[in-house]
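Same order as they appear, the protein sequences are chains F and L. Take 117 as the starting number for the first sequence in the working numbering and just add one per residue. Take 99 as the starting number for the second sequence in the working numbering and just add one per residue. For each residue, glycine too, the CB sits at the ideal point set by N, CA and C. Computed from a predicted structure; not experimentally measured. Heads up, the thing below is written out as structure tokens.
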Amino acid sequence: MPKTALKPFLKYVGRRFFFLILTYFVAITIIFILPRAIPGNPLSQLLSRIAVQGAANPETISNVQKSLMEEFGVGKPIIVQYLSFLGRLFRGDLGTSINFYPKKCLDVLAPFIPWTLFLLIPATLTAWIIGNTLGAVAGNKRGTWMDNLVLNTSLVISQIPYYWLGMLLIYTFSVKLGIFPTQGGYAQGLLPSFSFKFITSVLYHYVLPFLSIVIAAIGGWAIGTRLLVIYELDADYTIFAVNLGMRDRTVFKYVFRNILLPQITGLALNLGSALGGALITELIFNYPGTGYILFRALSTLDYPLIQAIFVILIVAIYFANFIVDFVYAIVDPRIRLGQGEGS
Amino acid sequence: MRGKILGVFLSVLLLTLLLVPSTLGQVSLPRNETLYTVGALWSATTWSLYAPSSTYGTEHFLYLPLFIYSNMKDGWLPVIAESYQVVNRRTLRIKIRDIAKWSDGTPITAQDVEFTFACTKEVGIGPGNGWWDYIQSVKAVDSKTVEFVMRPDVVNYASFLGYALGIRPVPKHVYEPLLKKGVQAVKDFQNDDPAKQVVSGPYKLFYTDPNIVVYGRIDDWWGRAVFGLPVPKYIGNVIYRDNAVANLDFEKGNADWAGVFIPDVSSLWTQKRLPIGTWFKNKPYYMPDGVNLLYISYYNPLLRDPNVRKAIAFAIPYKEMLDKAYFGYGNQAHPSMVIDDFEAYQEYIDRAYARYVWGGDGKPKTDLKKANEILDKAGYKRGRDGIRISPDGKRMGTFTIQVPNGWTDWMMMCEMMAANMRAIGLDVKTEFPDFSVWWTRWTQGTFDFILGWSAGPGFDHPWNVYRLVLDPALYKPFGQDQYGNFQRYNNPEVGNILKKIAAALDPKVRRTLYFQLQRIVYRDLPVIPLFYGAHWYEYNETHWVGWPNAERPWWFPAAPWSNSALPILFGIAPKGQTPKVPAWVELKAKGGLLIPTNDILNALSKAK
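As structure tokens, this is what we get:
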């Protein structure tokens, strides 16, 4: 990289970084406020569990409530809670979960994260690759039967709610045909181990949730890519290249590279948000991912756990976003140089 | 391209598996040695008792109490304890079994019991929480004898005995070093390392992840000589997403021992022909577990008039509710709040007076005509829209009746009650908020009508229900949290009677006092008893047989979630083998080990 190009580049990266910090701050403030805006007592599930477990002794419940209220600062002014949340966050402490008390939020989340990444990264990549390929082929053969087939199927598939697709898969393949299991990450009674039996069981349980995400996502990618290809095929440089007598394949190669740029952004953002899990898919398949635990946290108003999940999620998305910006600046000289002109 | 996908796929798979603990040598649990339970749907928290809510199994299989109480036999099974001795009317000594040992070989001592109470008081949560309100001191007399002294100012035998006999001691040598570090160290203790767990029970943690908690039997458990060993080598509690998923797995035979609401349960054996059973073969299928009430708060002045309350009591469609919404899983509750399904409690009901007030067999029957008459007579005239106007000119409504969203059976009941209340000229609509919202309103008294639970059978029944529902000591202003006296009924007379009952050892005296209380309850109607909630208990005999039921009632409580159901694990057997009920589950008089509650009360009343 020539020296003259470096300064605007650093400026660009620096500016992105500043906005990143600013929006991050706004985001964590929102995730602090939102769960608290939901009416209800976050200790209710925990307390009712004690009540139901037999010892419905009013003293016990009152004492536990008192002790927990102190510990979690529930009932203190919201600004005090907010400052203590920020203070702890600054020290890297995401707090203790209410419903999994005394487990730390990070300890609660840790076992779910690998499962979610294991489900979502391959599924997102597969959908991206298949979707883009289909879209590109369709766009290139615009107006043919293949284009019609891809476009129409994609339109239909991308509009199917993915949870409904999940339920449909369960109904067809698990309940009716009995080929695949209905729920879980692996067969009941197995203990996780590096054994053939366990790995095959995991893969067996993996098929349906994987398919439900891939199928639902392919359509969107394909439609997007097809449009981009058509747009690029009409661009001046393509027409120029065609008129020069370049082979179709070569032209398509250039076109494909150009359309990949926006699609990479989409992919990166998708992968960034993968940490949040596929909430409803994981719920339907009772799959032990972060989406599942997020649902639990939300339905029990477990403030610290909700916050922890979103803090991690936001960091991941921002990180992905930042990487994309960074990669862009390297890949696309227009962006890098644009910063220099602006000032 | 394809190679790349495969590459990513495999590397992620590898990564996942590396992150999962792979130190376990064993690959799967042998099905014929593993008992699967259903009912505790929440994930693991901690295996320490010093937590608001420990992981399912901690107090069921890991830490034993001094005595386990069976409400069906009204007797106490000495587990860690061997015997009791009444020193005087305020002092009880409990002898701990000589052979009782923690799983690390350290003897279980009176010092452990003493420490457990002291630690709870210091930490604010833990076993025997709140004991200091009733017990003056807990002292180790010698290494195997612990002495409990009741507070002189609060004579309450129910609570005194409940705390003393039911305490689950923790190992002092594990907790004392933690307590020295501070209260927070005790609270934060997760006790999740199977190698380091020090327990008193026949099981300890074997494996856990977000899907499942597995307990493994301790084959050289100290209690073997007295009780034998529990039969299942492993107990697995699968954490299901919700009841529907859990029920499906239970039907398939993947789970054996359930404690969940199953709609139309009898169809499982009458239509689907599955080897599934509940306590009774026919209605009500389940034993009663508690008194469910219609709480009518004193928050809204229009609902304070006992006439209105009485009219509502006659308007509720009891039978229809139980048949249609509850699948017949319970009986109409007696208006006295005493569970009349249990023989032992019947003597506490003033039957003649109940018949006089409510007619018929003493339980109010749905009678809209009568309900209307009561309101007409009390001066509630119908307005143009059919809704009544109170004597001081206020429209009777709109009131709401609420239960948490998703509790489908209770939601349906609310709809039925609201419809009947509208029929007698009260404008009532249903509302189904989120559980946490419902809980807040219930515990703060800020509601019109709420369908809620109270307390259940126990050695202190019906006192436990009366004190939870009526005790003015639990009275708090509207808007403040209080578990108990939800409707905010403030009657000092009731408080006095409750105190007297708690202090009475003579059953005759208690009976008279209960009769007095029932007169007040029928007059003021602070709540309206609706039905007995079911003790959810189902078993699937695909893999395990010998479960207790109405025909072989060898142990109750029987639900997996009950912390008094441990003996069941000693009397079941894998399919194909003959189950053998242990002899010790019987009362002493019948050759078992159970001590009747009355023996203890008599000993106390004879003492000085």
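What are the boundary residues of the beta strand (DSSP E) that residue 193 of chain L is part of?
Residue mapping note: residue 193 of chain L aligns to position 95 of the second sequence, counting from 1. Run containing residue 193 of chain L: 189-194, per the beta strand (DSSP E) assignment.
Any C-beta of chain F within less than 8 Å: which residues of the region 323-356 of chain L qualify?
334, 336, 338, 339, 343, 346, 347 and 352
Going by other Cβ atoms of all chains shown within 10 Å of its Cβ, with 16 needed for buried, is residue 257 of chain L buried or exposed?
Translated into positions along the second sequence, residue 257 of chain L becomes position 159. That one is buried.
State the start and end residues of the unbroken alpha helix (DSSP H) segment that holds residue 176 of chain L.
Residue 176 of chain L sits at position 78 when you count from the first residue of the second sequence. Where residue 176 of chain L is concerned, there is no enclosing alpha helix (DSSP H), although the beta strand (DSSP E) it sits in stretches over 173-176.
Chain-ordered chain F contacts of residue 144 of chain L [CB-CB under 9 Å]:
As a working note, residue 144 of chain L is residue 46 in the second sequence. Contact of residue 144 of chain L with chain F by beta-carbon distance below 9 Å involves 216, 217, 218 and 219.
Starting from residue 539 of chain L, trace the alpha helix (DSSP H) both ways and give me its first and last residue.
Indexing the second sequence from 1 puts residue 539 of chain L at position 441. It spans 533-542 - the alpha helix (DSSP H) in which residue 539 of chain L sits, taken as one unbroken run.
In three-state DSSP terms, what is residue 642 of chain L?
Taking the first residue of the second sequence as 1, we reach residue 642 of chain L at position 544. Three-state DSSP puts residue 642 of chain L in a strand.
In the DSSP assignment, find the unbroken alpha helix (DSSP H) run with residue 630 of chain L in it and report its ends.
As a position in the second sequence, residue 630 of chain L is number 532, starting the count at 1. It is not in any alpha helix (DSSP H) - residue 630 of chain L instead sits in the beta strand (DSSP E) that spans 625-633.
Looking at C-alpha atoms only, which residue of L:162, L:534 and L:516 is the closest neighbour of residue 527 of chain L?
Start at 1 with the first residue of the second sequence, and residue 527 of chain L comes out as number 429. Looking at the Cα atoms, L:516 is the closest of the given residues.
I want to verify the contact list: residues of chain F whose CB lies under 8 Å from the CB of residue 149 of chain L, in sequence order.
Along the second sequence, one-based indexing puts residue 149 of chain L at 51. Here the neighbours are 217 and 218.
Can you tell me the Cα-Cα spacing of residue 637 of chain L and residue 335 of chain L, whole angstroms?
Here residue 637 of chain L refers to the residue found at position 539 of the second sequence. Here residue 335 of chain L refers to the residue found at position 237 of the second sequence. Spanning the two alpha carbons is a distance of roughly 14 Å.
Which term fits residue 329 of chain L, buried or exposed, when burial requires 16 or more other beta carbons within 10 angstroms of its beta carbon?
Along the second sequence, read from residue 1 onward, the residue named residue 329 of chain L stands at position 231. Residue 329 of chain L should be labelled buried.
Inter-residue CB distance, residue 354 of chain L and residue 134 of chain L (contact presumed, cutoff 8 Å)
As a working mapping, residue 354 of chain L is identified with position 256 in the second sequence. As a working mapping, residue 134 of chain L is identified with position 36 in the second sequence. The Cβ separation is near 5 Å, so the contact holds.
Is the beta carbon of residue 235 of chain F less than 8 Å from the beta carbon of residue 285 of chain F?
On the first sequence, residue 235 of chain F is found 119 positions in, with the first residue counted as 1. On the first sequence, residue 285 of chain F is found 169 positions in, with the first residue counted as 1. Contact flag unset, no.
Could you work out which residue in L:216, L:641 and L:435 is closest to residue 238 of chain L when comparing CA atoms only?
Here residue 238 of chain L refers to the residue found at position 140 when the second sequence is read from its first residue. Closest option to residue 238 of chain L, Cα to Cα, is L:216.
Exposed unless 16 or more other CB atoms sit within 10 angstroms - verdict on residue 316 of chain F:
Looking up residue 316 of chain F in the first sequence gives position 200. It counts as exposed.
Cβ of residue 442 of chain F less than 8 Å from any chain L Cβ?
Position 326 of the first sequence holds residue 442 of chain F. Closer than 8 Å: no.
Looking at the unbroken alpha helix (DSSP H) that takes in residue 348 of chain F, where does it start and where does it end?
Locating residue 348 of chain F in the first sequence gives position 232, where the first residue counts as 1. Unbroken alpha helix (DSSP H) run through residue 348 of chain F: 312-349.
Does chain F have any CB closer than 8 Å to the CB of residue 303 of chain L?
Here the question's residue 303 of chain L lines up with position 205 in the second sequence. False, the Cβ-Cβ gap to chain F never drops below 8 Å.
Listed from N- to C-terminal order along the chain, which residues in the region 125-140 of chain L have their beta-carbon within a distance smaller than 8 Å of any beta-carbon of chain F?
125, 126, 127, 129, 132, 134 and 140
When DSSP labels each residue in this structure, what does residue 435 of chain L get in the three-state scheme?
On the second sequence, position 337 is the one that residue 435 of chain L refers to. Three-state DSSP puts residue 435 of chain L in coil, outside helix and strand.
Chain L partners of residue 166 of chain F, CB-CB under 7 Å?
If you number the first sequence from 1, residue 166 of chain F lands on position 50. Near residue 166 of chain F (Cβ distances below 7 Å), the residues of chain L are 150 and 151.
Neighbourhood of residue 443 of chain L by C-beta distance below 8 Å, restricted to the same chain and skipping five residues each side:
On the second sequence, position 345 is the one that residue 443 of chain L refers to. So the list reads 436, 437, 555, 559 and 560, once near-sequence residues are dropped.
Provide the residue(s) that pair with residue 392 of chain L in DSSP beta bridges, ordered along the chain.
Within the second sequence, residue 392 of chain L is the residue found at index 294, counting from 1. BP columns for residue 392 of chain L point to L:549 and L:626.
Are the C-beta of residue 188 of chain F and some C-beta of chain L separated by less than 8 Å?
For this step, residue 188 of chain F is matched to residue 72 along the first sequence. No - not a single Cβ of chain L is within 8 Å of the one on residue 188 of chain F.
Would you call residue 220 of chain F buried or exposed, if buried means 16 or more other Cβ atoms sit within 10 Å of its Cβ?
Against the first sequence, residue 220 of chain F aligns to sequence position 104. With 16 or more other Cβ atoms within 10 Å, it is buried.
Same chain, Cβ closer than 8 Å to residue 472 of chain L, five either side skipped, listed in chain order:
Within the second sequence, residue 472 of chain L is the residue found at index 374, counting from 1. Within the same chain, residue 472 of chain L has close Cβ partners 405, 408, 409 and 412.
How would you label residue 147 of chain L, buried or exposed, when you count the other beta carbons within 10 angstroms and need 16 or more for buried?
For this step, residue 147 of chain L is matched to residue 49 along the second sequence. Residue 147 of chain L is buried by the Cβ-count criterion.
In three-state terms, what does DSSP make of residue 385 of chain L?
Taking the first residue of the second sequence as 1, we reach residue 385 of chain L at position 287. Looking at residue 385 of chain L - three-state DSSP - the assignment turns out to be strand.
Could you tell me whether the Cβ of residue 638 of chain L comes closer than 8 Å to any Cβ of chain F?
In the second sequence, residue 638 of chain L corresponds to position 540, counting from 1. Closer than 8 Å: no.
List the residues of chain F that residue 538 of chain L touches, going by C-beta distances under 9 Å, in chain order.
Numbered from its first residue, the second sequence carries residue 538 of chain L at position 440. Going along chain F in sequence order, the residues near residue 538 of chain L (Cβ under 9 Å) are 155, 156, 157 and 160.
Quick check on residue 182 of chain F: buried or exposed, where buried means 16 or more other Cβ atoms within 10 Å of its Cβ?
Position 66 of the first sequence, counted from the start, is the residue given in the question as residue 182 of chain F. With fewer than 16 other Cβ atoms within 10 Å, it is exposed.
Would you check if the distance between the CB atom of residue 484 of chain L and the CB atom of residue 523 of chain L is smaller than 8 Å?
Within the second sequence, numbered from 1, the residue matching residue 484 of chain L stands at position 386. Within the second sequence, numbered from 1, the residue matching residue 523 of chain L stands at position 425. Their beta carbons are under 8 Å apart, which means residue 484 of chain L touches residue 523 of chain L by this criterion.
With C-beta atoms as the reference, is residue 159 of chain L less than 8 Å away from residue 664 of chain L?
The residue labelled residue 159 of chain L in the question sits at position 61 within the second sequence. The residue labelled residue 664 of chain L in the question sits at position 566 within the second sequence. For residue 159 of chain L and residue 664 of chain L, yes; Cβs fall inside 8 Å.
Is residue 220 of chain L buried or exposed, if buried means 16 or more other CB atoms sit within 10 Å of its CB?
For the purposes of this step, residue 220 of chain L is identified with residue 122 of the second sequence, where counting begins at 1. Exposed.
So, does the CB of residue 267 of chain F fall closer than 8 Å to a CB anywhere in chain C?
No chain C is part of this structure, whose protein chains are labelled F and L.
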